[in-house]
Ligand code: GAR
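Numbering (our numbering), first residue to last: 3 to 212.
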């Protein structure tokens, strides 16, 4: 296969997984879906779409991987020749073998404008805080919780009468737009990183035509 093989790691309903499969990811192609939950609707979605989906045991903890199990996940991804890992609703911290094997090649999507409201229930926290604008962030994963270098963000206005559900729904539409775009930029080698600052380089496609 030419281009970059992309694996999505997800534990829930999988709308971002589907957006990454169906969206324009350029030279990146989603070839694998791994889930930490054997009952996750995302596994059924993968079957319907025709992408290989697998459950792999994450170990005994709820919000992180067991060390041995994280090694199993990393080994599986490496055996499959995965070049980019996209977290999409995987509610676990990655700190060990997965990060070592794919440092700089793991992205996450989070439904807030980071660094505001990392962690769980960011939409509810944004409403309770009274912000007027929230949104979503695609970032590279580092050893912290939602702290890695920011690739793309999209703002979403908070409307009077919003509930966590209505706000989440409007943020989700933006997630589905910017996640494929971030994958496309990464796979085209158009993301330049200096420390925490990630810059999208101009598309040089026109130069190839000269
Ligand atoms: C998405 O809103 C994603 O941003 C969020 O979980 C949802 C998964 O939805 N992720 C996090 O909060 C990670 N901290 P999906 O399963 O339909 O893609």
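By construction, the Cβ of each residue, glycine as well, lies at the ideal position given by its N, Cα and C atoms.
Is the number of C-beta pairs between the stretch 114–121 and the stretch 163–170 that are closer than 8 angstroms three or more? no
Compare the Cα-Cα distances from residue 41 to each of 5, 14 and 176 and report the closest residue. The residue labelled residue 41 in the question sits at position 39 within the chain shown. The candidate whose alpha carbon is nearest that of residue 41 is 14.
Less than 6 angstroms between C-beta atoms, sequence neighbours within five positions excluded: which residues of the same chain meet that for residue 98? Stepping through the chain shown from its first residue, residue 98 is reached at position 96. Once the five neighbours on either side are set aside, the close Cβ partners of residue 98 are 69 and 72.
So does residue 12 have its beta carbon nearer than 7 angstroms to some heavy atom of ligand 2? Summarising the ligand content, the structure contains ligand 1 and does not contain ligand 2.
Quick one: which unbroken beta strand (DSSP E) runs of 3-plus residues sit fully inside the stretch 109–180? Chain order, please. 135–142 and 152–159
If you check the beta carbons only, do residue 90 and residue 22 fall under 8 angstroms apart? For the purposes of this step, residue 90 is taken as the residue at position 88 of the chain shown. For the purposes of this step, residue 22 is taken as the residue at position 20 of the chain shown. Against a cut-off of 8 angstroms, the Cβ pair of residue 22 and residue 90 comes out as a contact.
Measure the C-alpha to C-alpha separation of residue 160 and residue 136 and round it to an integer number of angstroms. Within the chain shown, residue 160 is the residue found at index 158, counting from 1. Within the chain shown, residue 136 is the residue found at index 134, counting from 1. If I take the Cα positions, the gap works out to 7 angstroms.
State the Cα-Cα distance for the pair residue 108 and residue 46, rounded to the nearest angstrom. The sequence position of residue 108 within the chain shown is 106, counting from 1. The sequence position of residue 46 within the chain shown is 44, counting from 1. Roughly 24 angstroms separates the two Cα atoms.
Cβ neighbour criterion (16 or more within 10 Å) applied to residue 194: Reading the chain shown from its first residue, position 192 is the one you call residue 194. By the 10 Å Cβ count, residue 194 comes out exposed.
Using only the heavy atoms of ligand 1, determine whether one of them is closer than 7 angstroms to the beta carbon of residue 138. Residue mapping note: residue 138 aligns to position 136 of the chain shown, counting from 1. Yes, the beta carbon of residue 138 sits closer than 7 angstroms to at least one heavy atom of ligand 1.
Got a sec, what are the start and stop residues for the alpha helix (DSSP H) residue 37 sits in? Counting from one through the chain shown, the residue named residue 37 turns up at place 35. No alpha helix (DSSP H) contains residue 37, which is instead part of the beta strand (DSSP E) from 30–37.
Residue 141 CB to nearest heavy atom of ligand 1 below 7 angstroms: Stepping through the chain shown from its first residue, residue 141 is reached at position 139. Not so, every heavy atom of ligand 1 lies at least 7 angstroms from the Cβ.
Taking all protein chains shown into account, do 16 or more other C-beta atoms lie within 10 angstroms of the C-beta of residue 181, making it buried, or fewer, making it exposed? For the purposes of this step, residue 181 is taken as residue 179 along the chain shown, with counting starting at 1. Looking at its Cβ environment, which holds 16 or more other Cβ atoms inside 10 Å, residue 181 is buried.
Over what stretch of residues does the alpha helix (DSSP H) that includes residue 2 continue unbroken? No answer is possible for residue 2: the residues shown for the chain start at 3 and end at 212.
In the DSSP assignment, the alpha helix (DSSP H) including residue 21 goes from what residue to what residue? On the chain shown, position 19 is the one that residue 21 refers to. 17–24 is the span of the alpha helix (DSSP H), which, as asked, contains residue 21.
Using the Cα positions of residue 75 and residue 94, report the straight-line distance between them to the nearest angstrom. For the purposes of this step, residue 75 is taken as residue 73 along the chain shown, with counting starting at 1. For the purposes of this step, residue 94 is taken as residue 92 along the chain shown, with counting starting at 1. Cα to Cα, the separation comes out at about 13 angstroms.
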